């Protein structure tokens, strides 16, 4: 059996609670990872480019030599090596992503009180963003979509400087598809730097790498831990963990479609979690059979098998409402609703990074091409976090333009609150502007 089969009566029964607890164990870096990562950050902060070159030679390319940055000529050359058809696909995906993120762009706003006081909020992009793009199997499986998902919303936000970081391959180069994608997006600042030392460089700055205001993009446990440690010095998008999918299905959907979608996440990582929740016992059996069949010829069968064995499940529930309760308790990164009436289910799902409604909304459709961002909250953080988006690269400034009438009217109230907090200078500051207070 490729994954466990659980039968639960409610989201609160012992089997369900034990399963929830087991999922939480997928992303515990331990003290060793944090200690090592902190040491790397401190080293880069102290020695800058010298430290980055040493780490790159140790972990990525033993013959690595400066410069760290990719030249404009290299970007142009890479774009020329990619076929027109492939460039068109990358450009079309970017266009879909841009259209979606244009719609989510927030604007500054103002309100006026009757006495003429003006209040509001000014929305501004950060000046500089750093995007981390994982190398992917030694640079042989370039994560083009991760570059698009980070760069496009930053551009929509209006970020003036965007720097891309990705680990070099064994020969010191970056995959031409990544460079071609950057070229298509008119991104000219690309560095052959990966790992936690890339995050340290973005946060601290070095002689050749200016620091950034916001860091975005997925990475391994060391990269994620580095983002955690520099958060506050710079902004970050989120602390993303292993990939997740939960499929809520009734008997209207084919089992092999469900199995295919589960495997689309299980093949990412041995720590990925792929779950099917259904109220149909025969479908549960068919999904398990389909998983076994599809694993047989999957190129990443070893990874997917470990993911399903350790973190996957087919969960049989008495009805769809219990399935919805299970989904909300797990708060998955990706959730597919493969039922007869997915739009009736949608309002009941409170916690999910992204919702895929209906049989033709397979998770890869959203991951690559539909437009919404695929950098999503994981490990239950969808209860409070959102997808990477335009807002990730923006900050908001409150605007207060009070009239004399407003300040005079409320001066005594403001002074009272200030004195309750023991802040006499606050009170006097307001009373100076309202002598009668």
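In our numbering, the protein residues as written are 2 to 438. The beta carbon of each residue, even a glycine, is placed where N, CA and C say it ideally should be. Keep in mind the model is a prediction, meaning the values are calculated, not measured.
Any idea what DSSP makes of residue i, helix, strand or coil?
{"i": "residue 10", "result": "coil"}
{"i": "residue 395", "result": "strand"}
{"i": "residue 415", "result": "helix"}
{"i": "residue 195", "result": "coil"}
{"i": "residue 216", "result": "strand"}
{"i": "residue 266", "result": "helix"}
{"i": "residue 309", "result": "helix"}
{"i": "residue 381", "result": "coil"}
{"i": "residue 294", "result": "helix"}
{"i": "residue 116", "result": "coil"}
{"i": "residue 182", "result": "helix"}
{"i": "residue 19", "result": "helix"}
{"i": "residue 205", "result": "helix"}
{"i": "residue 223", "result": "helix"}
Thinking C-beta only, is residue j closer than 9 Å to residue i?
{"i": "residue 260", "j": "residue 291", "result": "yes"}
{"i": "residue 165", "j": "residue 102", "result": "no"}
{"i": "residue 195", "j": "residue 169", "result": "yes"}
{"i": "residue 341", "j": "residue 211", "result": "no"}
{"i": "residue 356", "j": "residue 254", "result": "no"}
{"i": "residue 502", "j": "residue 84", "result": "For the chain, the structure presents residues 2 to 438; residue 502 sits outside this window and is missing."}
{"i": "residue 157", "j": "residue 148", "result": "no"}
{"i": "residue 395", "j": "residue 115", "result": "no"}
{"i": "residue 203", "j": "residue 191", "result": "no"}
{"i": "residue 239", "j": "residue 378", "result": "yes"}
{"i": "residue 42", "j": "residue 215", "result": "no"}
{"i": "residue 249", "j": "residue 337", "result": "yes"}
{"i": "residue 280", "j": "residue 324", "result": "yes"}
{"i": "residue 304", "j": "residue 268", "result": "yes"}
{"i": "residue 218", "j": "residue 151", "result": "yes"}
{"i": "residue 189", "j": "residue 73", "result": "yes"}
{"i": "residue 408", "j": "residue 426", "result": "no"}
I'd like the list of long-range same chain contacts for residue i, defined as Cβ closer than 6 Å, with 5 residues on each side in sequence excluded.
{"i": "residue 381", "result": "332"}
{"i": "residue 310", "result": "none"}
{"i": "residue 406", "result": "116"}
{"i": "residue 359", "result": "343"}
{"i": "residue 320", "result": "280"}
Which same chain residues, not among the five before or five after residue i, have their C-beta less than 7 Å away from its C-beta?
{"i": "residue 109", "result": "121, 122, 123 and 124"}
{"i": "residue 302", "result": "296"}
{"i": "residue 390", "result": "102, 105, 154 and 374"}
{"i": "residue 287", "result": "256"}
{"i": "residue 64", "result": "173"}
{"i": "residue 53", "result": "45, 69, 194, 198, 202 and 207"}
{"i": "residue 5", "result": "314"}
{"i": "residue 228", "result": "200, 216, 237 and 240"}
{"i": "residue 60", "result": "196"}
{"i": "residue 223", "result": "34, 38, 196 and 197"}
Select from the options the residue whose C-alpha is nearest the C-alpha of residue i.
{"i": "residue 209", "options": "178, 145, 64 and 71", "result": "71"}
{"i": "residue 326", "options": "196, 11 and 264", "result": "11"}
{"i": "residue 178", "options": "75, 378, 356 and 340", "result": "75"}
{"i": "residue 312", "options": "272, 289 and 393", "result": "272"}
{"i": "residue 384", "options": "420, 335 and 370", "result": "335"}
{"i": "residue 387", "options": "190, 167 and 237", "result": "237"}
{"i": "residue 428", "options": "162, 419 and 36", "result": "419"}
{"i": "residue 113", "options": "403, 410, 286 and 378", "result": "403"}
{"i": "residue 95", "options": "186, 436 and 263", "result": "186"}
{"i": "residue 266", "options": "372, 44, 107 and 366", "result": "366"}
{"i": "residue 100", "options": "167, 372 and 330", "result": "372"}
{"i": "residue 2", "options": "285, 300, 328 and 397", "result": "285"}
{"i": "residue 89", "options": "184, 251 and 160", "result": "184"}
{"i": "residue 98", "options": "137, 276 and 368", "result": "368"}
{"i": "residue 398", "options": "132, 111 and 143", "result": "111"}
{"i": "residue 146", "options": "92, 226 and 27", "result": "92"}
{"i": "residue 132", "options": "277, 244, 283 and 235", "result": "235"}
{"i": "residue 455", "options": "79, 171, 47 and 86", "result": "This structure does not reach residue 455, given that the chain is present from 2 up to 438, and the question cannot be answered."}
{"i": "residue 347", "options": "329, 300, 376 and 47", "result": "329"}
{"i": "residue 443", "options": "345, 118, 376 and 400", "result": "No statement about residue 443 is possible, as the shown extent of the chain runs from 2 to 438 and does not include it."}
{"i": "residue 67", "options": "424, 167, 78 and 50", "result": "50"}
For residue i, which residues does DSSP report across the bridge?
{"i": "residue 122", "result": "110 and 399"}
{"i": "residue 335", "result": "246 and 355"}
{"i": "residue 162", "result": "129"}
{"i": "residue 5", "result": "314"}
{"i": "residue 279", "result": "250 and 317"}
{"i": "residue 274", "result": "245"}
{"i": "residue 236", "result": "215"}
{"i": "residue 190", "result": "164"}
{"i": "residue 70", "result": "192"}
Beta-carbon within less than 8 Å of residue i's beta-carbon, same chain only, minus the 5 sequence neighbours each way: which residues are those?
{"i": "residue 7", "result": "16, 17, 20, 314, 315, 316 and 317"}
{"i": "residue 82", "result": "177 and 181"}
Would you say residue i faces chain C, with C-beta separation under 9 Å as the test?
{"i": "residue 343", "result": "In the structure shown, chain C does not exist; there is a single protein chain."}
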